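Residue numbers (the numbering used here), protein chains in the order written: chain P, 4 to 463; chain Y, -3 to 593.
C-beta: ideal position from N, C-alpha, C; glycine also.
Note that this is a predicted model, so its numbers are computed, not measured.
As structure tokens, the structure follows; a few thoughts come after it.
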Amino acid sequence: MTAPVRTYRGAAGASGPLLYLPDARGAVLGEWVALESPGQPARRGQVIEVGTQLTVIQLLEESHGLAPASTRVKLTGELAGMPVGLELLGRVLDGAGNPLDGLPRPVGEAWRPVWGAPLNPVRRARPADVIETGISAIDGLNTLVRGQKLPVFSGPGLPGLDLAARVVESARVPGGEPFAVVFVAIGITERETRGFLERFEDREALERTVVFLNRTSDPTLERLLAPRLALTVAEHLAFEAGLHVLVVMADITHYCEALREIAAYREEIPGRRGYPGYMYTDLATLFERAGILRDGTGSLTQLPVLTMPDDDITHPIPDLTGYITEGQIVLGRDLHRRGVSPPVDVLPSLSRLMKAGIGRGRTASFHRAWADQIYALYAQGREARLTAAIVGEAGLSEADRRAVGFADRFEGEFLGQGDRRRSFDETFAVGWTLLESMPRDELLRIDDETWAARPGADGG
Amino acid sequence: MSGPLVVMAAGALARLRPMREASLNELVRVGEAGLLGEVIRVEGDVATVQLFEETAGLRLGEPARPTGGPLTAELGPGLAGSVLDGVGRPLEAVARASGAFLQPGAEAATLSREHRWEFRAAIRPGSTVAGGDVLGTVDEKPGLEHRILVPPRAAGRIAALEDGSYTVDEPIGALEDGTELRLAQPWPVRVPRPVAARLRGDRPMVTGQRVFDLLFPVAQGGTVAVPGGFGTGKTVIEQTLAKFAEADVVVYVGCGERGNEMAEVLEEFPALEDPRSGRSIMDRTVLVVNTSNMPVAAREASTYLGMTVAEYYRDMGYRVALLSDSLSRWAEALREIASRLQELPGEEGYPTYLSSRLGALFERAGRCAPLGKPEREGAVTFVAAVSPPGGDFSEPVTQASLRAAGALWALDPALAHQRQFPAVDWEVSYSLYAGPTAAWFADEVGADWPDLRQEILTLLERDRELRDVAGLVGPEALEDGDRLLLQVARLVRELLIGQSAVDPVDAFSPLARTHALAGLLVALRDGARSAIDRGRALESLDLAPAVRALSAVRRAGPDELPARVVEARSAIAALRREGTAGDQPAGGDVTAGEGGA
Ligand SMILES: Nc1ncnc2c1ncn2[C@@H]1O[C@H](COP(=O)(O)OP(=O)(O)O)[C@@H](O)[C@H]1O
Ligand SMILES: [Mg+2]
């Protein structure tokens, strides 16, 4: 789309972040708007409704102090866009794409609209290449693959961003080149941001990282833009430059709150807990930008991080996210309190793309059965723990008592790996050790063939 | 002043003027890009249009072109194996024209204009035909004969009809009144295709999933709601049915879900064989795909397109499985449009007509006698995934689906978290088809099938009661018989209900295996029970050999099954004998078939 630049003097009105223009014929739905107002900072916005009587512009910044009558409104004729290119690697930008690193504004190889077009489903390749993250709870039980979107469901005070950072730091594909990283901070604190970035500084890894920062103090509505800028850059790196890209977006909860805020200003009928009814669709336009092209070489993997309000997984933010993403890594407060690190609660966690990535010739032929069996025993142990809390250990059956023991050791030895990175084989070995401590007859999910073929088995 | 112009646009809505002549549901091309839209409201000379495509870039004063007709499906040979978007454009053709990313305004006809089909006429010129009569056939795919039907509303004497090689645009003949006959026919997606008679469903659609076939069967032509929170296994169930359910044609509607799931289907299906015909399952599958990031109004249309295609194959006399993932996204699209129109919202913001629209959709499924000669029977079996927010079944879409559907397969996150799949909550689920289909199962599989079903349900029910008690007093406080029941129920959950969709052998369980496993489990319970009744302590009974033998039954292919069942029987017989005094020779008194009788 290209339309000429048109400038209007004076708007008809404003309320919250919405500005109304009368009689702006030729306004283009979605076009980018620049606003100037005497004695006020420059503002930007976007046309969200065109009409013969009224055109509606949604501002990106706070409208505090804005005087509609004396505002100059410049319709740019362009959809919101972002320069993309390999040149972006190593840069630090704000949530609207302006440099924060003292370097000149990036020019890029091309200019792309930030509202990316949907990937035609028939042109997707099915993601199947395993990423080794070094974390047993992920690699062993919720395996991540290239092109997947796998969010971390954290809670207030839980180390969600930390876990994402750790994945980024140590993610590798067997025999593969390192990932390019796109990190977008959405309304998170300086401390959190620094904590994330510090992990890379001494590793020259910043060279293959693009950072977008919308901090707590930055305009809320920019939170809706920042992840789209990041994904536009990431799509270019992945699908045109052919790199393997990991995108970390934190915190999606702040994004959703911005969405709710704007919906309220627009006087829309609120959905569950005040979030707009289209939040599912809106989030999908972010998360569905992960993937692999059928005839491309790169991939775009997403690790969004969100904070479950009140640790409630049924809250609309984690709920709608879980309905869109290909699984979730859920952190457990209880585990965290007991010092299990990383505190991944594997029961509600899931990787939907695991099945394509694991198995013979990929991770290990026994991977599925091994994981299912660990899950079954751990679930049994957790349930038995609850029973034991009521009737006491002595009231448990022999099998349940063993399952409780299994759950304890699983949390301590398997999950609680601390800062150590584990290879796939190391993860498998820890799991087998736990399984071997159980009577063979209770391992219903492992058939004789698999049992005999486990590493270290006699003759296996 | 010429045609109508855009006078307002916001989100997925546009208003056009002048549109005094517009009719509701009329299809319109909007703007220079030719965005596809549908009239949903007419007020004076202004028509409100919902757009099936991304609207960014649209501006005031752009022209619009009414098409004069509603959104139609193009029905004809070439549907099988195709992948369509929500309004019927083949996504391959769209990709060839505009690349890997979808651009608004694409034009692509559903059926190939070039492909020539070999048509064989089944009737001669001079015969009188009416709507639904079979004019002849085309081999659409190996093993799938496409029957060319007289359009439902046409009738007359045939003036010409000839064998030959035709594209879908060329007439294959004509009626005496001049009506041309073609291989393809259009049908408005929102209108049910008429049938001669509706028939009762008393024959099951076998799914190859033990929990469904045995406990909660669906009839051919039946309807099922499958609600479950995220990650409970809705999509896996839909995909598994697409692969294994007893259907001649499968229509899979991916409505507002993930792109990668479609990539998975497109990779897997062509390589998979139909367990009955041995042919690629993609050859009998039509995919309608409108992923969550594609425009929302097209999501709503996609469900109707899928239903119309399903009805069309039904009219040929086929058994069609219509699998919708997910119906909630269809309902949410309704809600989104209604709210943009500022309609008065009902419960949770859904329009007040949600439940009647949804009910009308379910009504289009069913077993029936299609219009026309020769007489035949067809069915659309509708299995709809429902995605309740927060997994809470009290929400409007789940509730409306429950009222409309004949069976409920409720999925439980707790089971899913334990990796107990399919995570069907057997306490909440039900099927109104269990009664009507019981006779078929008894005749075709085993006379004891209905009894076994009841035995297993009772056992699971008792298990729940006992577990509640055990949660209070501890399992050790229960008596031996009850603790035995807990153990057997665990085996029922693990070995009978549990069925991995990724297991190369067990992903599909033939009815014989389902029957054998159910019978053996009941026999195992009875065997162990009789040992206990004769004074043996539960701890002293060694169930392990029988359990191992049962696991082997579950992994047995059709050829090995009889041998594995015999082995399992003797393991159970050995257990039963443990209760008796001396060592007696194998009695073989416990058989799979009689177990529950
Ligand atoms: N029958 C099954 N066998 C094995 N795994 C299953 C089965 N059903 C579900 N799963 C597991 O659960 C995950 C989520 O299932 P899915 O159908 O995608 O859930 P939903 O569509 O309800 O969100 C799958 O990726 C798979 O790992
Ligand atoms: Mg699903």
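Those residues which DSSP pairs with residue i across a bridge
i: W113(Y); result: Y162(Y)
i: R61(Y); result: R25(Y)
i: S106(Y); result: In the sequence as displayed, the identity of residue 106(Y) is Thr instead of Ser. Looking at the DSSP assignment, T106(Y) forms no beta bridge with any residue, so it has no partner.
i: Q61(P); result: L21(P), Q49(P)
i: L306(P); result: V251(P)
i: G152(Y); result: V125(Y)
i: R218(P); result: I191(P)
i: L318(Y); result: V247(Y), F378(Y)
i: N286(Y); result: C251(Y)
Host beta strand (DSSP E) of residue i (start-end)
i: V202(Y); result: Careful: V202(Y) lies outside any beta strand (DSSP E) and carries neither H nor E.
i: I168(Y); result: Run containing I168(Y): none; DSSP gives neither H nor E here.
i: A43(Y); result: 42 to 47
i: Q181(Y); result: 181 to 184
i: R143(Y); result: 140 to 145
6 Å Cβ shell around residue i - same chain, five flanking residues per side excluded
i: Y258(P); result: I189, R226
i: M258(Y); result: G250, V285
i: E590(Y); result: For E590(Y), the predicted model reports a pLDDT of 39, less than 50, meaning its position is unreliable and no value from the coordinates is stated.
i: P312(Y); result: Before going on, a small fix: residue 312(Y) reads as Met here, not Pro. If we look at M312(Y) and ignore the five residues flanking it on each side, its Cβ neighbours are R143.
i: G360(P); result: A131, V133, T146, V148
i: M357(P); result: T146
i: T304(Y); result: A69, W183, V185
CA-to-CA distance, residue j to residue i, given in whole angstroms
i: V79(Y); j: T281(Y); result: 9 Å
i: R169(P); j: R424(P); result: 10 Å
i: E396(P); j: G384(P); result: 12 Å
i: G137(P); j: S173(P); result: 7 Å
i: G7(Y); j: L337(Y); result: 11 Å
i: D142(P); j: V498(Y); result: 19 Å
i: P62(Y); j: I265(P); result: 34 Å
i: R115(P); j: P121(P); result: 14 Å
i: A14(P); j: S40(P); result: 11 Å
i: R521(Y); j: V484(Y); result: 6 Å
i: P319(P); j: T231(Y); result: 21 Å
Contacts of residue i in chain P (Cβ-Cβ under 7 Å)
i: P341(Y); result: I272
Closer than 9 Å at the beta carbon, the chain P residues around residue i
i: T236(Y); result: Those within 9 Å of T236(Y) in chain P number zero; the least Cβ separation is about 13 Å.
i: T51(Y); result: L32, G33
Spatial neighbours of residue i in its chain, beta-carbon cut-off 8 Å, leaving aside the 5 residues before and after
i: R47(P); result: W35, V36, A37, L38, L62, L63, E64, A99
i: G355(Y); result: A396, R399, A400
i: I36(Y); result: L20, N21, T44, V45, Q46, I333, L337
Under 8 Å from the C-beta of residue i: neighbouring residues of chain P
i: P223(Y); result: The contacting residues do not exist; P223(Y) stays about 13 Å from chain P at best.
i: G477(Y); result: The premise fails here: G477(Y) is roughly 15 Å from chain P at the closest Cβ pair, so nothing lies under 8 Å.
i: A540(Y); result: D444
Sequence-distant residues of the same chain with beta carbon closer than 7 Å to residue i, five excluded per side
i: D254(P); result: I189, G190, I191, V308, L309, T310
i: R331(Y); result: G345, Y346, P347
i: E49(Y); result: L31, L32, P100, G101, P291
i: V501(Y); result: R551, G553
i: A193(Y); result: C364, A365
Under 7 Å by beta carbon: chain Y residues contacting residue i
i: S400(P); result: P471, E472
i: L82(P); result: A52, G53
i: V236(P); result: Going along chain Y, no residue has its Cβ under 7 Å from V236(P), so there is no contact; the nearest lies around 16 Å.
i: A382(P); result: H413, Q414
i: A287(P); result: S288, N289
Residue i: contacting residues in chain Y (beta-carbon distance under 8 Å)
i: E291(P); result: R254, G255, T287, S288, N289
i: T55(P); result: V3, M4, L56
i: Y278(P); result: Near Y278(P) there are no residues of chain Y at all, since even the closest Cβ is about 10 Å away, more than 8 Å.
Chain-ordered chain Y contacts of residue i [CB-CB under 9 Å]
i: W118(P); result: E50, A52
i: V394(P); result: A466, G467, L468, V469, G470, P471, E472, A473
First through last residue of the alpha helix (DSSP H) which encompasses residue i
i: D311(Y); result: 292 to 312
i: G408(P); result: 401 to 412
i: A384(P); result: Per the sequence shown, the amino acid found at residue 384(P) is Gly instead of Ala. G384(P) -> alpha helix (DSSP H) spans 370 to 394.
i: R129(P); result: No alpha helix (DSSP H) contains R129(P), which DSSP labels as neither H nor E.
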